[in-house]
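Everything below concerns the one structure shown next.
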Amino acid sequence: MTTYKNHLLIIEDDKRLREVLNKILSSKGLRTETAVHGADGIKKVERDFFDIALIDLKMPGIDGMEVLKKVKTISPGTYVIIMTAYGTIDSAVEAIRNGAFDYITKPFKTAEIMIVLEKALEDRNLRNRIKDLTKQAEQRHKFEGIIGKSKSMQAVFEMIKRVAKTDATVLITGKTGTGKELVAKAIHRGSERKDRAFVVVNSSAITDTLLESELFGYVKGAFTGASRDKKGLFQEAHQGTLFLDEIGEVPASTQVKLLRAIEDRIITPVGGTKGEKVNIRLIAATNHDLQEEVVKGSFRGDLFYRLKVMSIHLPELKERREDIPLLANHFLKEYNIIFGREVHTISKDALNLLLDYDWPGNVRELEHALERGVLVCDSEEICPEQLPLEIQYPEETHIRRAVEEGKSISEVEKKHITLILKKTGGHKEKAASILGIDRRTLYRKLNKYGIEFNKKFPSK
Ligand SMILES: Nc1ncnc2c1ncn2[C@@H]1O[C@H](COP(=O)(O)OP(=O)(O)OP(=O)(O)O)[C@@H](O)[C@H]1O
Ligand SMILES: [Mg+2]
47 MTTYKNHLLI IEDDKRLREV LNKILSSKGL RTETAVHGAD GIKKVERDFF
97 DIALIDLKMP GIDGMEVLKK VKTISPGTYV IIMTAYGTID SAVEAIRNGA
147 FDYITKPFKT AEIMIVLEKA LEDRNLRNRI KDLTKQAEQR HKFEGIIGKS
197 KSMQAVFEMI KRVAKTDATV LITGKTGTGK ELVAKAIHRG SERKDRAFVV
247 VNSSAITDTL LESELFGYVK GAFTGASRDK KGLFQEAHQG TLFLDEIGEV
297 PASTQVKLLR AIEDRIITPV GGTKGEKVNI RLIAATNHDL QEEVVKGSFR
347 GDLFYRLKVM SIHLPELKER REDIPLLANH FLKEYNIIFG REVHTISKDA
397 LNLLLDYDWP GNVRELEHAL ERGVLVCDSE EICPEQLPLE IQYPEETHIR
447 RAVEEGKSIS EVEKKHITLI LKKTGGHKEK AASILGIDRR TLYRKLNKYG
497 IEFNKKFPSK
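Okay, so the sequence shown: first residue is 47 according to our numbering, each after it adds one.
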């Protein structure tokens with residue numbers, strides 16, 4: 047293994063100093079090169095990468111300050127150290143403003159220049175280390191395109207890795223938009239079947255009568271219109287993965303046949319008599335509470351247990367709010383690319399709204415909010431006004447939901463008081479005045495509803 051020698055460029059018009067520096071610094075283990083004037087130095091920087099450029103400030107032709115600017119434009123990663131004559135501190139300060147790392151006044155001793163060089167290299171190493179660590183952290187918070195730093199999502203990543211290695215049937219549960227399909231694909235991609243088909247069956251999109259023939263295929267003459275044999279999705283997924291999405295929507299009659307197909311891995315096309323063996327890995331997903339449906343009798347218990355050999359549950363977004371900024375920034379980047387926009391940030395107020403919102407549509411809803419935000423934003427930053435109304439005014443959603451869900455007056459009152467307190471940043475006097483009640487009444491209600499009134503609410 048050859049060890050990397052730091053590459054140093056000395057740009058100095060004074061021949062004697064140039065040669066002395068070259069000799070001393072190369073003897074200190076640096077790979078050195080020299081340039082006799084500014085233009086010469088710039089040419090060398092264009093051709094090669096230098097860790098450090100040592101630039102004399104006062105040179106005929108292009109002066110050191112201009113050389114510095116050029117070097118930093120061509121190669122921002124190069125550390126520049128300026129050499130100045132005694133008494134030109136002002137220009138040294140200007141050099142630093144222009145991107146130089148440090149300066150040294152002439153004449154200097156070998157020990158002095160060595161300290162400055164070592165400081166530059168140490169800074170460089172530290173910055174590289176930070177960059178590596180940031181990258182590592184980013185990688186930890188992302189798995190197969192699934193974003194999440196929360197404990198619950200990290201646990202999901204671990205489960206995906208574990209089940210991907212096996213051929214076991216997996217049941218993925220979670221509310222709408224939590225990423226069930228994304229997880230199913232990640233399992234497939236992590237498995238030995240990754241180069242084979244990943245076939246999706248969306249049980250809710252296919253009518254009950256068609257579902258069976260879609261799943262198992264049919265033979266010619268099985269029903270009117272069946273003019274030839276047709277393969278089903280089970281056969282299409284042969285040697286690959288079959289993803290049964292919305293499994294909770296499968297009607298009872300099909301559930302029996304599905305159970306048999308899963309148990310024996312043999313399928314019989316509609317109207318056919320001969321079974322056909324298929325080699326598939328099954329993944330099912332649902333946003334229903336299947337356990338409850340089994341109890342109610344609308345989903346077969348035996349099928350449920352066949353499916354949940356392994357299970358992965360995706361938590362709702364409001365249960366892992368720490369993932370919101372990460373996801374929001376991920377979608378921001380993505381939609382900038384898709385729409386060719388330059389919206390780089392989300393304002394603090396807008397981010398606070400995203401953090402406060404309840405996200406009934408989970409990650410999908412957040413994705414849509416950012417997609418819209420990037421589209422309507424006419425500056426570099428997404429502001430509250432560019433977010434959907436229900437996110438800007440969660441109060442309105444709250445009233446609408448209270449009506450939809452049939453909430454009692456006291457439930458609405460509790461929520462309303464909490465929201466107004468939040469709006470006033472926890473200021474009780476102001477809150478009471480907005481609510482049209484006196485302070486004592488407000489305190490009584492806070493006690494009654496157990497609202498944490500000493501809590502500092504972030505002001506908006
Ligand atoms: N953790 C995540 N990181 C990045 N993108 C995500 C994440 N979770 C979901 N998404 C994105 O959100 C959208 C919805 O995800 P997906 O279709 O997997 O949800 P789902 O659980 O299958 O929802 P539904 O039950 O409504 O079918 C997709 O565009 C997906 O890429
Ligand atoms: Mg889905």
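Cβ coordinates follow ideal geometry from the N, Cα and C atoms, glycine included.
Residue i versus residue j - alpha carbon distance
i	j	result
L305	N493	54 Å
G471	V209	46 Å
T287	L400	36 Å
T224	R239	25 Å
E388	E426	6 Å
P504	K221	Here the model assigns P504 a pLDDT of 45, short of 50, so the residue's position is not dependable, and the following value carries that caveat. Distance between the alpha carbons of P504 and K221: 29 Å.
G419	Q432	5 Å
E140	F96	22 Å
I370	E282	38 Å
L372	T124	31 Å
E260	K323	17 Å
F147	R366	42 Å
K354	E368	29 Å
L55	R175	24 Å
G110	K152	14 Å
K303	G496	52 Å
I466	R490	16 Å
L488	K474	8 Å
V113	I101	8 Å
E58	F189	50 Å
K277	T219	29 Å
R346	L328	17 Å
H53	I98	7 Å
L349	E339	12 Å
N68	D241	57 Å
I252	G294	13 Å
T270	Y381	47 Å
W405	A415	10 Å
I437	A448	16 Å
I120	G407	47 Å
Reduced DSSP category for residue i - H, G, I as helix; E, B as strand; rest coil
i	result
A448	helix
H510	Because the chain spans 47 through 506 in this model, residue 510 falls outside it and cannot be assessed.
Y280	It is worth fixing the name first, because residue 280 is Phe in this sequence and not Tyr. Residue state, collapsed to three classes: helix.
T80	strand
H359	strand
H53	strand
L100	strand
Y381	helix
I233	helix
Y125	strand
T487	helix
T119	helix
T550	Residue coverage of the chain in this structure runs from 47 to 506, which leaves residue 550 outside it and unanswerable.
H134	For clarity, residue 134 is Thr in the given sequence; the question names His instead. In this structure, T134 counts as coil in the three-state DSSP scheme.
R239	coil
K74	coil
V113	helix
N493	helix
Proximity below 8 Å, CB of residue i to CB of residue j
i	j	result
A307	K226	no
D291	V246	yes
C429	S456	no
G75	K51	yes
I150	M129	yes
L412	L363	yes
T78	S72	yes
T300	L257	yes
S357	L179	no
V117	V91	yes
A230	F289	yes
G191	Y264	no
V296	S344	no
Any chain C beta carbon closer than 8 Å to residue i
i	result
K469	Among the chains of the structure shown, chain C does not appear; only one protein chain is present.
Heavy atom of ligand 4 within 7 Å of residue i beta-carbon
i	result
K468	Only ligand 1 and ligand 2 can be found as ligands here, which leaves ligand 4 out of the picture.
Sequence ranges, beta strand (DSSP E) only - wholly within the segment 136-220, length at least 3: 148-152, 216-220
Whole beta strand (DSSP E) elements within the segment 282-351, 3-residue minimum: For the segment 282-351, whole beta strand (DSSP E) runs of length 3 or above, ordered along the chain, are 287-291, 327-332.
contact_flag[the segment 131-138, the segment 155-162] where n(CB pairs < 8 Å) is 3 or more: no
Ranges of the alpha helix (DSSP H) found wholly within the segment 387-445, counting only runs of at least 4: 394-402, 408-422, 435-438
Meets three-Cβ-pair contact criterion under 8 Å: the segment 189-198 and the segment 162-171: Not touching, per the Cβ criterion.
Whole runs of the alpha helix (DSSP H) within the segment 244-276, excluding any shorter than 4 residues: 254-262
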